[in-house]
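Colleague: These protein sequences, in sequence, are chains Z and H.
Everything in the first sequence is counted per my numbering, starting at 8 for the first residue and increasing by one.
Everything in the second sequence is counted per my numbering, starting at 8 for the first residue and increasing by one.
There are 2 protein chains.
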Amino acid sequence: MTAIKTTVRIKRAPAERRAQFLDCAQALFFTRGYDAATVNDIIERAGLSKGAFYHYFDSKEALLDALTERVAAQIVADAEAVLEDPALDALSRLNAFLEQGRQWKIERAPALKSAYTAVLRADNVMLNQRLIDATARVVLPVLTDIVREGVREGLFHPPSPEMVAEILLQMSHARMSVAVEAMARAAAGDLDGAVALLESRLADESAVVERLLGVAPGSVRLVEPGFLRAMLAALS
Amino acid sequence: MTAIKTTVRIKRAPAERRAQFLDCAQALFFTRGYDAATVNDIIERAGLSKGAFYHYFDSKEALLDALTERVAAQIVADAEAVLEDPALDALSRLNAFLEQGRQWKIERAPALKSAYTAVLRADNVMLNQRLIDATARVVLPVLTDIVREGVREGLFHPPSPEMVAEILLQMSHARMSVAVEAMARAAAGDLDGAVALLESRLADESAVVERLLGVAPGSVRLVEPGFLRAMLAALS
DNA sequence: CCCTAGTAGACCGACGGTCGGTCTGCTATC
DNA sequence: GATAGCAGACCGACCGTCGGTCTACTAGGG
């Protein structure tokens, strides 16, 4: 009846296929957004079928979970060296961890702008929330440990280590919208304004963290001289 | 062919109809969730038609916006007396504002439990985010003003008034999940554990705020003796 | 040692059901 | 009779399902 279409079939290692779907989904989710990117879009980009998709993932949402999980796992993997180094005291470890984050941003600078704006779009809350949750699950324990370590070492004097770690993380999430605003300004030609905006935000954050940890001003390095300008210039 | 059904038509003031939709949607969104509650569910509950729905709202999302806007507006309206009272200094105003929040919770205690759990469900991120955004838009300026006022009065010494206000708000949002956990414990019979959990959380938050504002411990009243126990007992 | 029947599971794509949204036209009111 | 308010049949897009196909591998007979 219906003509049987014989398509070329290439078989690959399952893990590879999964990754292939995840890669395509990531690209689409971070540009069009989670809702706007349909399963058909994903399979088209992957050059695979509906059947293949649902062979590897129970649902579109399950794919999102797998994706955010992968991102979160990458973060701790990158930071492992810093987190395990026994030579560091708590403050150095915290600063090294923050530096790691800056490094991470430099490496993926090209993708960052579209990712940030995509994630913050009103119709893309799902992706944003899942990313926040997934990263929080892995980063929050790490931060809490560092703060507790600092307390043991007598370096930090926070009212509550857990709350301070939580606030540190929340501030970095809230910072995204400021970063988007800054990138917009930079794109509009106002590089100085953009730098100033983010710099003052980060200065405020630093002051808050230092106050909470009970350390001297300037101890916590949220911002590195020149970093913001280089970053914002590269992104516009 | 199909028999024409003549339904009784009741004419009402447009604002009233709008409110009717909003009421029904609110009830459904806070129980089933935003995605799960379909437009058909809403119009069925309201006893009205698709045509009526799309006569008053451009889309389902527009309805959500209107709903969150209404909630946010209610919050400032309730708090206006406290916010305008010129007799209060900044610390008293802050405490009065927090007390107002507690009062608000007592009044709507019956709906709170289901609302909290519904809002925090993974598949209900949209509702949660819109509520947070809408309330932030109205509450953040208010909090920032109070903190700035305290600085002028020489009562507060924050590293950054804006950041402190932001943190205050974020903590209260993050608190929701702790509250849900506490309500679960209370429902499981462990009222003491539930009270202890929330009490320690609020103590930590108070300590953080006091440290940030540079005021004496005990100055900020996030928790009132007996309030938590009464609340949790009523909810389980 | 090769050849082949048998099997697991990777992969296909038409189809179903649901849901947000549109459109035509009726109806009560002025 | 004109018009705003409203009814509900209808549309298209989407997610997820399902019967089935095709490839790679394995086991056992020649």
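Backbone N, C-alpha and C fix where the C-beta goes; we use that ideal spot for every residue, glycine too.
Remember, predicted model here, so these are calculated numbers, not experimental data.
Below 7 Å between beta carbons: does that hold for Q177 (chain H) and Q177 (chain Z)?
Modeller: yes
Colleague: Since I believe A189 (chain Z) is in contact with L209 (chain Z) (beta carbons under 8 Å), could you give me their beta-carbon distance rounded to a whole number of angstroms?
Modeller: That pair is no contact at about 11 Å.
Colleague: Quick check: the Cα distance between G157 (chain H) and L150 (chain H), rounded to an integer number of angstroms?
Modeller: 11 Å
Colleague: In chain Z, which residues lie less than 8 Å from I174 (chain H) when you measure between Cβ atoms?
Modeller: I174, Q177, M178 and V215
Colleague: Just to confirm, are A181 (chain Z) and A193 (chain Z) a CB contact at a threshold of 7 Å?
Modeller: no
Colleague: Report the neighbours of L219 (chain H) on chain Z: residues whose CB is nearer than 8 Å to its CB, in chain order.
Modeller: V215, R218 and L219
Colleague: Rounding to the nearest angstrom, what Cα-Cα distance links G161 (chain H) and D96 (chain H) in this structure?
Modeller: Rounded to whole angstroms, the gap between the alpha carbons of G161 (chain H) and D96 (chain H) is 10 Å.
Colleague: Determine the DSSP secondary structure at G54 (chain H), reduced to helix, strand or coil.
Modeller: coil
Colleague: What number of angstroms, rounded off, separates the C-alpha of P148 (chain H) from the C-alpha of M133 (chain H)?
Modeller: 23 Å
Colleague: Three or more C-beta pairs under 8 Å: does that hold for the stretch 89–105 of chain Z against the stretch 221–236 of chain Z?
Modeller: yes
Colleague: Against chain H, with Cβ distances strictly below 7 Å, would V154 (chain Z) count as a contact?
Modeller: no
Colleague: Is it buried or exposed, N47 (chain H), if we count other Cβ atoms within 10 angstroms and call 16 or more buried?
Modeller: exposed
Colleague: Got a sec: is the Cβ-Cβ distance from M190 (chain H) to anything in chain Z below 7 Å?
Modeller: Answer no: the Cβ-Cβ gap between M190 (chain H) and chain Z never drops below 7 Å.
Colleague: Which residue from Z:E87, Z:L127, Z:D152 and Z:Q27 puts its Cα closest to that of S56 (chain Z)?
Modeller: Relative to S56 (chain Z), the option among Z:E87, Z:L127, Z:D152 and Z:Q27 whose CA is nearest is Z:Q27.
Colleague: Can you pull the chain H residues whose beta carbon is under 8 Å from the beta carbon of Q27 (chain Z), in chain order?
Modeller: In chain order: nothing, as chain H lies at least about 26 Å away.
Colleague: From D127 (chain Z) to D140 (chain Z), what distance separates their C-alpha atoms?
Modeller: Note that residue 127 (chain Z) is Leu in the sequence shown, not Asp. Spanning the two alpha carbons is a distance of roughly 15 Å.
Colleague: Using beta carbons (cut-off 7 Å, strictly below), is P148 (chain Z) in contact with chain H?
Modeller: By this cut-off, P148 (chain Z) is not an interface position.
Colleague: Considering only residues of the stretch 84–158 of chain H, which uninterrupted alpha helix (DSSP H) runs meet the minimum length of 4 residues and lie entirely inside it, listed in chain order?
Modeller: 97–114 and 116–127
Colleague: Would you verify that the beta carbon of S66 (chain H) is, or is not, closer than 7 Å to some beta carbon of chain Z?
Modeller: No, S66 (chain H) lies away from the interface with chain Z (no Cβ there is under 7 Å from its Cβ).
Colleague: Report buried or exposed for S184 (chain Z), applying the criterion of at least 16 other Cβ atoms within 10 angstroms of its Cβ.
Modeller: Exposure of S184 (chain Z) is indicated by the presence of fewer than 16 other C-beta atoms within 10 angstroms of its C-beta.
Colleague: Which whole-angstrom value describes the C-beta separation of F37 (chain Z) and A94 (chain Z), a residue pair presumed to lie in contact below a C-beta threshold of 8 Å?
Modeller: Not quite, the Cβ-Cβ distance comes to about 37 Å (not below 8 Å), so this is no contact.
Colleague: So for T75 (chain Z), helix, strand or coil by DSSP?
Modeller: Here T75 (chain Z) sits in helix by DSSP.
Colleague: Please name the residues in the stretch 194–214 of chain Z whose beta-carbon is closer than 7 Å to at least one beta-carbon of chain H, in chain order.
Modeller: D211, E212 and A214
Colleague: Under 7 Å, Cβ to Cβ, is there at least one residue of chain Z near M238 (chain H)?
Modeller: no
Colleague: Evaluate I1 (chain Z) with the Cβ neighbour count: other Cβ atoms within 10 Å of its Cβ, from every protein chain shown; 16 or more gives buried, anything less gives exposed.
Modeller: For residue 1 (chain Z) there is no data in the structure shown, the boundaries of chain Z being 8 and 243.
Colleague: Could you tell me if G116 (chain H) is buried or exposed, where buried requires 16 or more neighbouring beta carbons within 10 angstroms of its beta carbon?
Modeller: For clarity, residue 116 (chain H) is Ala in the given sequence; the question names Gly instead. Its Cβ having fewer than 16 others within 10 Å, A116 (chain H) is exposed.
Colleague: Label D65 (chain H) either buried or exposed according to how many other C-beta atoms from any shown protein chain fall within 10 Å of its C-beta, with 16 as the threshold for buried.
Modeller: Its Cβ having fewer than 16 others within 10 Å, D65 (chain H) is exposed.
Colleague: For a cutoff of 7 Å on Cβ pairs, would you count P166 (chain Z) as touching chain H?
Modeller: yes
Colleague: How many angstroms separate the CA atom of V83 (chain Z) from the CA atom of G196 (chain H)?
Modeller: 38 Å
Colleague: Which residues bound the alpha helix (DSSP H) around D211 (chain H)?
Modeller: L198 to L220
Colleague: Secondary structure at Y41 (chain H), three-state DSSP: helix, strand or coil?
Modeller: Coil, per DSSP.
Colleague: Which word fits R4 (chain H), buried or exposed, when buried means at least 16 other C-beta atoms lie within 10 angstroms of its C-beta?
Modeller: As shown, chain H starts at 8 and ends at 243. That puts residue 4 (chain H) outside it, with no answer to give.
Colleague: Please check the pair D42 (chain Z) and D130 (chain Z), which I expect to be a contact at CB under 8 Å, by giving their CB distance rounded to whole angstroms.
Modeller: 6 Å
Colleague: Does the Cβ-Cβ distance between V146 (chain H) and V171 (chain H) come in under 7 Å?
Modeller: no
Colleague: Suppose the cutoff is 6 Å on Cβ atoms and the five residues either side in sequence are ignored; what does the same chain contact list for A44 (chain Z) look like?
Modeller: L35 and F36
Colleague: Can you pull the chain Z neighbours of V132 (chain H), defined as C-beta to C-beta under 7 Å?
Modeller: V132, M133 and Q136
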